[in-house]
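The next block holds one structure in the form of structure tokens; read it before the comments.
Protein chains in written order, with the working numbering: chain A, 5 to 154; chain B, 9 to 268.
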């Protein structure tokens, strides 16, 4: 084997290793879905991106994406609280609107941990907390650190 | 084994060792290192619908259309009604909007032949919508810079909440958690606009505080009537900052604009 081949194998090996390791390291979000029949699903390592006031949560297998649109954002100290009004589930080539009853979205855009008002709950730097109640009685919580903000 | 195999071997071993963490986990529907936990409810219930085995998120109850004879349940329970004592002493924090009490007084209720005003998104002022041309009353706490009161973040109403969420996170489909606080009548069209008690830590609560206004039950004459987003309205006792009459909230400057 030539020196050139050795270097190519080394670089390819390192790139593959880095690629495999990087996805779970960034995607630290957790989504919990409790449906009205009592069933609970917990999705680990979801990725979260924020574009304007729209939060996109993608499942670990990248097959499902939940899009939560919010408005009525107001500052509570360093925490921003918004009210979600629309939720769309995109997966398997289809988009499903999930009728939303109410919910709350908290963002901590600061670099310091923040405690939510009237609560002992703390949000870490760049962390997001979403609570949703759908019209069909499903309760959704999403929490974790934002992977990308546009 | 030749020389090149010995050099490539460690990398292949590393790659194979990492594969179960990513690729294999995805086969369980995106649950990460563990498949999603599914715990049935302890009480006997209808059997949960099976999870789709194709990955992504499971919202099977929410994405299945309702049968033709079944509509989405909208709880229309009557909201709690506040019955405040008008003229009661102000609380120690006089700037804070009052909360109602259960004094037993009759609340102001609209006449039976009046209908609730239809929800009209992006409309404000109810029957006075064309009349808010007065000079804005300067907010005593802010300089009028656009959204300076909100750290520069643009405030827009969220359409599934009463008043767009300006006065509190009151879901339009279930206002039973909100406290009804009188209503404003539109005698010309025989409609009424219900009002609810303002929640603390909301823009609506803050703007009342800024002007030193005390929220009052809508209904009697001689009140400050403040029209917010999506035809929402709250009332307050007049003070030195705002005389009795109709006002519109300008969310950008956080000011009250009087009707002319």
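The C-beta atom is built at its ideal place from N, Cα and C for all residues, glycine as well.
Shown in chain order are the members of the segment 144-172 of chain B whose Cβ falls below 7 Å from a Cβ of chain A: 158, 159, 161, 163, 164, 165, 166, 167, 168, 169, 172. Going by C-alpha positions, residue 141 (chain B) is about 40 Å away from residue 102 (chain A). Under the 10 Å beta carbon count, residue 228 (chain B) is surrounded by fewer than 16 other beta carbons and is classified as exposed. Nearest CB-CB separation between residue 177 (chain B) and chain A: below the 8 Å threshold. Taking a Cβ-Cβ threshold of 9 Å, the residues of chain B close to residue 138 (chain A) are 67, 69, 70, in chain order.
Sequence-distant Cβ neighbours of residue 256 (chain B) in its own chain, meaning closer than 7 Å and more than five residues away, are 132, 133, 140, 235, 265.
Collapsing the DSSP output to three states places residue 186 (chain B) in coil.
Nearest neighbour of residue 67 (chain B) by Cα position, chosen from A:43, A:153, A:75, A:124, turns out to be A:43. For residue 194 (chain B), not one C-beta of chain A is nearer than 8 Å to its own C-beta. At the C-beta level, residue 240 (chain B) and residue 226 (chain B) stay beyond 8 Å of one another.
Cβ-Cβ distances below 6 Å link residue 212 (chain B) to 174, 175, 206 in the same chain, with the five nearest sequence neighbours on each side left out; the list follows chain order. Interface flag for residue 114 (chain A) against chain B is unset, since no Cβ pair is found closer than 8 Å.
When the Cα atoms are used, residue 158 (chain B) and residue 185 (chain B) turn out to be separated by approximately 26 Å. Counting only runs that start and end inside the segment 29-77 of chain A, there is no alpha helix (DSSP H) element of at least 4 residues. Between residue 40 (chain A) and the set A:145, A:154, A:140, the nearest pair of CA atoms involves A:140. Taking the Cα of residue 268 (chain B) as reference, the smallest distance to any Cα among B:253, B:259, B:260, B:262 is reached at B:253. C-alpha of residue 116 (chain A) to C-alpha of residue 84 (chain A): approximately 14 Å in a straight line.
Under the 8 Å criterion on CB atoms, residue 202 (chain B) is classed as non-interfacial with respect to chain A. Under the Cβ criterion of 8 Å, residue 174 (chain B) is counted among the residues facing chain A. No Cβ of chain A is located within less than 8 Å of the beta carbon of residue 239 (chain B).
Take the alpha-carbon of residue 181 (chain B) and the one of residue 105 (chain A): they are about 7 Å apart. Collapsing the DSSP output to three states places residue 235 (chain B) in a strand. With contacts defined by Cβ atoms closer than 8 Å, residue 34 (chain A) and residue 48 (chain A) form a contacting pair. Taking 8 Å as the threshold, the shortest C-beta distance from residue 129 (chain B) to chain A does not fall below it. Per DSSP, the beta bridge partners of residue 88 (chain A) are A:74. Shown here for residue 138 (chain A): same chain residues with a beta carbon closer than 8 Å to its own, the five before and five after excluded, namely 91, 102, 103, 104, 105, 144 in chain order.
Secondary structure note for residue 143 (chain B): it is in no alpha helix (DSSP H), with a DSSP letter that is neither H nor E. Contact annotation: residue 249 (chain B) and residue 145 (chain B) have beta-carbon atoms nearer than 8 Å. In the displayed model, residue 10 (chain A) falls within a helix according to three-state DSSP. Under the 8 Å Cβ criterion, the segment 121-134 of chain A does not count as touching the segment 92-100 of chain A, having fewer than three qualifying pairs. Between the alpha carbons of residue 122 (chain B) and residue 135 (chain B) lies a distance of about 14 Å. If you draw a straight line from the Cα of residue 73 (chain A) to the Cα of residue 169 (chain B), it is about 14 Å long.
Contacts between residue 142 (chain A) and chain B, judged by CB atoms closer than 7 Å, involve 67, 69, 70 in chain order. Residue state for residue 202 (chain B) is assigned as strand, using DSSP reduced to three classes. With 16 or more other Cβ atoms inside 10 Å of its own Cβ, residue 132 (chain A) counts as buried.
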